[in-house]
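Written below as structure tokens is the structure these notes are about.
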Amino acid sequence: MINTYEVNETNKMIGEQNLDVRTITLGISLLDCVSSDLNELSDNIYAKITRVAKNLVSVGKEIELEFGIPIVNKRISVTPISLVGANAAHTPDDFVKIALSLDRAAKAVGVNFLGGYSALVSKGMTEADRNLIKSIPDALATTSLVCSSVNVGSTRCGIDMDAVRLMGRIIKESAEKSAISPAKLVVFCNAPDDNPFMAGAFCGVTEGDAVINVGVSGPGVVKRAVAETKGQGFEELCETIKKTAFKVTRVGQLVAKEASERLSVPFGIVDLSLAPTPAIGDSVADILCEMGLERAGAPGTTAALALLNDQVKKGGVMASSYVGGLSGAFIPVSEDQGMIDAVTAGALTLEKLEAMTCVCSVGLDMIAIPGDTSASTISGIIADEMAIGMVNQKTTAVRLCPAPGKSVGEVVEYGGLLGHAPVMAVNPFSCEEFISRKGRIPAPIHSFRN
Amino acid sequence: MKKTIITVVGKDAVGIIAKVCTYLANNRINILDISQTIVNGYFNMMMVVDMNESAKPFADVSNELVQIGEEIGVVIHCQREEIFESMHRI
């Protein structure tokens, strides 16, 4: 029988240490909505989303209440729209119409975000892919809940540098149309099909008709546990993180199974991610400091993060029957007060963040850069991050937010879970000529495993 | 049988258990186990209950218990047992 100590421990994690389930994400395949007529396609998409996700929000609230665990977001991910819309949308404007239809459906069912306004172009772009990518600035500016992602590379295929070049321009243009838009746009290498986290969630073509994916959180809980190991060795530190990650993930597994049963939708995966929020005490950077760093970004940060990421996975894997998605520690800047403080104090630079992305999920995330950063420099940063993912056979992503009219040190407000970010310095030297080269970077040698 | 855990935490006062138990009895909620301590004047109680006979939906019971807690100055949580089982048992 459960005892008082255990009940109090769980309730303290929830009440004082910000333990929550970050998201229940319902993946919906839109492949059966395909039509050659744009209006019919839009109607089909709206009808399918509002039918399948009708009870998502109410079921989420029910589970929150019964188990006493907050579920912060209820979201939807859909099949990449460049595939769904290929037969009906022949111009960027046609794709924007689909985005508007997705936005209406998301609002109708009451979810926080809908992801999947996406294109998978790691080896090349179809006409539809190209049109979708070109439509992203308008699609994001005219919708409020739609999130977009573009997968431009993979370990199997290499990196599509034409897409990388294009994305530099698209990110810049998106920021100019609406300051919040780049926060809803991710560029990926090795994007997973079952990621529940925004802005990069989409329902991959390997998925079934509908699927429940759950993302857990809990930096505050891990931080508190790590604080108890002050002065102890690495063995004790690792054991503590593992045990804590196990407990956190079990909550995710429970919520995923309950949601799956109540919605009659198969359970997909639990994503074992430490996802911070701007709330005080809910920070991944604070965990690194608790391990013994003065600030995130100090020498030792990459090692500390590697240890953290690995132990979270080791503890989490046993707690869930299916693990997937991004699974690791997130290191966004604007969404993590400890990261913001580290940048402001001059401890954390873009280059150090890049090094950190080699050992954790996902990548350069929610980083504000000066508004006058050139498109080719943005592409260069994307290419670097994609190369890390390609060579290390891991997911990497870039979510850079150019801040129009702002320069280094100024602060950009995104609001809510997206937080605020100090504008970070970008290396001023040019990569224009490199980025202008046409074609793709070939797959790395270790991709030839057959 | 789906069990529910009710926790009551707050400054000790006369009649906390009586008030909570009366509510449970009136709603045909059976108490399976109670453990209770008072440390430095702070009251801490955990109950395991069976709500299967109760006509009220879980949400109503939970909300009404929270309300009773507010009336008598304690914090009452009402949660399905599975969240604790899954977190603390392999």
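Line by line, the protein sequences are chains C and L.
Counting with our numbering, you get residues 450 to 899 for the letters of the first sequence.
Counting with our numbering, you get residues 6 to 95 for the letters of the second sequence.
Every residue, glycine too, gets a C-beta built ideally from N, C-alpha and C.
On a predicted model such as this, the values are computed, not experimentally measured, just so you know.
Looking at the DSSP output, H869(C) shares a beta bridge with E862(C). Residue pairing by DSSP leaves T591(C) without any beta bridge partner. Residue K887(C) holds the alpha-carbon nearest to the alpha-carbon of K572(C) among G777(C), K887(C) and L487(C).
Against chain C, the CB of Q72(L) has no partner CB under 7 Å away; the residue lies outside that interface.
Nearest to S825(C) by alpha-carbon distance, out of V533(C), N522(C) and K621(C), is K621(C).
Nearest to V54(L) by alpha-carbon distance, out of V66(L), H93(L) and I77(L), is V66(L). From the beta-carbon of N460(C), the residues of chain L found nearer than 7 Å are T12 and H82. Contact between R744(C) and A794(C) holds, with the beta-carbon distance rounding to 6 Å and staying under 8 Å.
The residue among I88(L), I95(L) and R94(L) with its C-alpha nearest the C-alpha of L468(C) is I88(L).
In this structure, V733(C) and D785(C) form a Cβ contact; the two beta carbons are roughly 6 Å apart against a cut-off of 8 Å. For Q842(C), there is no enclosing beta strand (DSSP E), as DSSP marks it with neither H nor E.
Contact between the region 638-654 of chain C and the region 580-590 of chain C is absent: fewer than 3 CB-CB pairs across the two stretches fall below 8 Å. Close to chain C, meaning a Cβ-Cβ distance shorter than 9 Å, are the following residues of the region 46-68 of chain L: N49, M50, M51, V53, F63, A64, S67 and N68. Burial of N758(C) is indicated by the presence of at least 16 other C-beta atoms within 10 angstroms of its C-beta.
Spatial neighbours of A590(C) in its own chain (CB-CB distance under 8 Å, excluding positions within 5 residues in sequence) are listed in chain order as S623, K626, S627 and S630. Between the alpha carbons of I816(C) and V847(C) lies a gap of roughly 9 Å. Using beta-carbon distances, E87(L) counts as an interface residue toward chain C, with a partner under 7 Å. Of all residues in the region 505-517 of chain C, only L514, E515, F516 and G517 come within less than 7 Å of chain L when Cβ atoms are compared, listed by chain position. In the structure shown, the three-state DSSP call for L634(C) is strand. Counting along the chain, the unbroken alpha helix (DSSP H) around Q702(C) starts and ends at F683 to L712. Taking 8 Å as the cut-off between beta carbons, the residues of the region 674-704 of chain C near chain L are K696, R699, V700, Q702 and L703, in sequence order.
T822(C) and V782(C) do not touch by the CB rule: their CB atoms are close to 15 Å apart, not below 8 Å. In this chain, the beta strand (DSSP E) harbouring F562(C) covers F562 to L569. Contact between the region 759-768 of chain C and the region 693-713 of chain C is present: 3 or more CB-CB pairs across the two stretches fall below 8 Å. Put simply, the CB of V456(C) is near chain L, with a gap under 7 Å to one of its CB atoms.
Proximity to T42(L) across C83(L), I10(L), G15(L) and H93(L) peaks at G15(L), based on C-alpha coordinates. Counting along the chain, the unbroken beta strand (DSSP E) around I520(C) starts and ends at I520 to V527.
By the C-beta density criterion, K762(C) is buried, having at least 16 other C-beta atoms within 10 angstroms. N600(C) and M839(C) have their C-alpha atoms some 12 Å from each other. DSSP places P541(C) in the uninterrupted alpha helix (DSSP H) bounded by P541 to V558. For K461(C), the uninterrupted alpha helix (DSSP H) run begins and ends at T453 to G464, by DSSP. Our two residues, C809(C) and I690(C), have alpha carbons roughly 15 Å apart in a direct line. In this structure the region 23-38 of chain L does not touch the region 486-498 of chain C; the number of beta carbon pairs closer than 8 Å is below three. Around E86(L), the same chain offers K7, K8, T9, I10 and V53 as residues with beta carbons nearer than 8 Å, after the five sequence neighbours per side are excluded. Just measuring C-alpha positions, the residue of A577(C), R711(C) and C596(C) sitting nearest R524(C) is C596(C). Interface annotation for the region 473-491 of chain C against chain L: empty, criterion Cβ-Cβ distance under 8 Å.
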